[in-house]
Amino acid sequence: MGKVFRILFLMPVMLTVCAGMTLAQTVTGERVLPADHTAGQRVQYTISINVDEADVPNGLTVVETLPAGWSNPTAVPAISVEDGQTIKWLFTKFAGDVKDQTITIWADSPVCGASMFSGELKYNDPANNLQNTAAPVAGDTLISGPSDPDCRRVVISPGKIDFGCVPVGQSRSGNITISNAGKTGINRDLVPAGPIGSSQFTVVRDDCPQVLNTDQPCTIELAFSPDPQLDENLQTIGEGVKTTNLPVAFFDVAPLTITLRGSGIAKDDTDGDCVVDEDEDVDNSPSKASPNSSTGNGRITIDATDASNPLITLTNVQSMDDDDPFLSSAGRPGYDQYQCKYGLVTFMVNLGPGDTTAVVKITYPETLPEGSEYYKVDDNGWHIFGGASINGNTVTLTLTDGGGGDADGTVNGVIVDPGGVVTPVPPAAAPSDGPVAAGEGDKGGGGGCFIATAAYGSYLSDEVTVLRKFRDKFLLTNPPGKWFVMNIYYRWSPPMAGYIARHESLRAATRTALTPVVYSIKYPYLPAGVLLAGGLVLLRRRK
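Note that this note's numbering has the sequence shown beginning at 3, numbered continuously upward.
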């Protein structure tokens, strides 16, 4: 009985060993590929078949799969069966042996992309129990594709959307078009419908397929819906400027980012210019507006009144920071020599029928110093606007629909473009001149809390306001702090802020890092209280 038990116990092991020995004495194959190839050229490679003569199978099938895009295969010996991209060679036992074989293959390479070849060997040997057993062909090596920049090229238009001024509780939508301008299909991630992060922007519809083929543009519909709810301070959540980034990921190319911006308005705006009535210091004329400057340095009056054409109106009037993440920073004048004391303003001039030009006067709270220039900011960056003249505290703009002062570049009856006055930094702002008065810090640097604004998404957020006041009250009122702000922070923070604004993970990390700083400034006695409470707990434990 014990002998039978031992036999039964050892039988699976013996069968496994025998099977392993039989499988080991079979056939092996190796593929030899060139290191790379030229786009659209015919490529040659080989598969070597090595037969173990001690245990020759009765038949052998070699199956080679060409990657997508490869075509017109030929081979020596001749191909027995061809099925799409799958090529098969059939070898049978003759004269008592299946000889070692070398298969030479030619195929036309695709225009773009890297390729991974694969294949297998199948045996037909019932006597050795090797029926339909498959083993891979060694050498599944990546053959790199050509370095053609036009192989995979994605175009998203527009690359950013400003939804303008939207009353809370309402919604405004806009579309982006994604096109494959390359030479081959591109795999992409579908953008899930619903809110983008925790913001008030929403993906309404995504018509783009997972494989984006050439010359087949598709559409993603987005919406901005300011939230009418109230926060703990009874402030409307959706009020004010909101910005966010929507990443559109592609498996084959670097992901692209679409910047979204909208301004929620929660109070009466009779003339519809996006400046609420209680903040206006001009009459409710549809061609006038007086927004507060983004830096808190007074109001800016914008007047597009034209007696000969009463149909001209102003809409979407908004103040903007000079480091707003929605804007390009290319060509921005250096902060060590120039400043945007009043920030920027953006507005839309709606022309009357048949009109192609408009004259707009922008009045600032005080006389602009000598050397001031009016800059326009578009997708290509900052540039001095030749259609501006400065006289005292007034800048007169001559704007042409579709011309250099129109951001959309098309003749469509609407002129829009952010812009603002850039003034030289006055000598009093130099570090060696001693402290400046509290609250005057924005005059020395344009109010640019760059990194905090990039992290929190708005210059007017509570956190940025706390940090800005700390800068004005404590840093800019003493020579060391002022030297740090003017020579270190204003020099290095703008490019850092631009990079942070483009990466949501960095924005989140920066907010996390700034939170204890903001709380220690806002509640200066909180850290001491925590330490005191901890000390009392330790004392009680010792007792």
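Cβ atoms here follow ideal geometry from the backbone N, Cα and C, with glycine treated the same way.
Every value quoted in this text rests on a predicted model; they were computed, and no experiment measured them.
Item: Element boundaries [alpha helix (DSSP H), containing K524]; Value: 506 to 524
Item: Residue from D403, G354, Q212, G196 with nearest C-alpha to V206; Value: G196
Item: L316 classed as buried or exposed, judged by whether at least 16 other C-beta atoms fall within 10 angstroms; Value: buried
Item: Segment limits, beta strand (DSSP E) that includes V168; Value: 162 to 169
Item: Separation of N299 from D444, as counted between CA atoms; Value: Bear in mind that the predicted position of D444 carries a pLDDT of just 38, short of 50, making it unreliable; the figure below should be weighed with that in mind. Spanning the two alpha carbons is a distance of roughly 8 Å.
Item: Alpha-carbon spacing of V418 relative to R301, whole angstroms; Value: 20 Å
Item: Reduced DSSP secondary structure (H/G/I, E/B, other) of D281; Value: helix
Item: Three-way DSSP call (helix, strand, coil) for D403 in this model; Value: coil
Item: Proximity test, Cβ basis, 7 Å: R263 and chain C; Value: Judged by its chain identifiers, the structure shown contains no chain C, having just a single protein chain.
Item: Best match in A515, R513, S507, L516 for proximity to P249 [C-alpha to C-alpha]; Value: S507
Item: Three-way DSSP call (helix, strand, coil) for A109 in this model; Value: strand
Item: Extent of the continuous alpha helix (DSSP H) to which D326 belongs; Value: No alpha helix (DSSP H) contains D326, which DSSP labels as neither H nor E.
Item: Pair within 7 Å by beta-carbon distance, T359 and M322; Value: no
Item: Whole-number beta carbon distance between F252 and R190, since they are thought to touch under 8 Å; Value: 5 Å
Item: Distance, G404 Cα to D285 Cα; Value: 30 Å
Item: Closest residue to T30 among D102, S159, Q218 (Cα-Cα distance); Value: D102
Item: C-beta contact flag for G354 and N414 at 7 Å; Value: no
Item: Reference T261, options S201, D270, D217, closest by Cα; Value: S201
Item: Proximity below 7 Å, CB of W384 to CB of Y377; Value: yes
Item: Alpha-carbon spacing of G345 relative to D217, whole angstroms; Value: 42 Å
Item: Spatially closest choice to T272 from S287, G42, V170, N318, by CA coordinates; Value: S287
Item: Burial state of P194 (16 or more Cβ within 10 Å); Value: exposed
Item: I260 (DSSP reduced to helix, strand or coil); Value: strand
Item: Residue from A510, S391, D270, I188 with nearest C-alpha to P257; Value: I188
Item: Local conformation of G147 per DSSP, three classes; Value: For G147, the predicted structure reports a pLDDT of 49, less than 50, and the residue's modelled location is therefore unreliable. A value from the coordinates is still provided. It is coil, neither helix nor strand.
Item: Three-state secondary structure assigned by DSSP to E234; Value: coil
Item: Member of P211, A77, W108 whose CA lies at the smallest distance from the CA of Q43; Value: W108
Item: Bridge-paired residues (DSSP) for Q103; Value: I51
Item: Integer Cβ distance of L401 from V351, believed to fall under 8 Å; Value: 6 Å
Item: Alpha-carbon to alpha-carbon, K162 and A77; Value: 52 Å
Item: Through-space distance from T179 to V157, alpha-carbon basis; Value: 8 Å
Item: Contact under 7 Å by Cβ, Y47 with V65; Value: no
Item: Span of the alpha helix (DSSP H) around E32; Value: Not the alpha helix (DSSP H): E32 falls in the beta strand (DSSP E), residues 29 to 34.
Item: For T315, the three-state DSSP class (helix, strand or coil); Value: strand
Item: R174 - partner residues in DSSP beta bridges; Value: F226
Item: Boundaries of the beta strand (DSSP E) in which Y458 is found, first to last residue; Value: Y458 -> not in any beta strand (DSSP E); alpha helix (DSSP H) instead, spanning 452 to 458.
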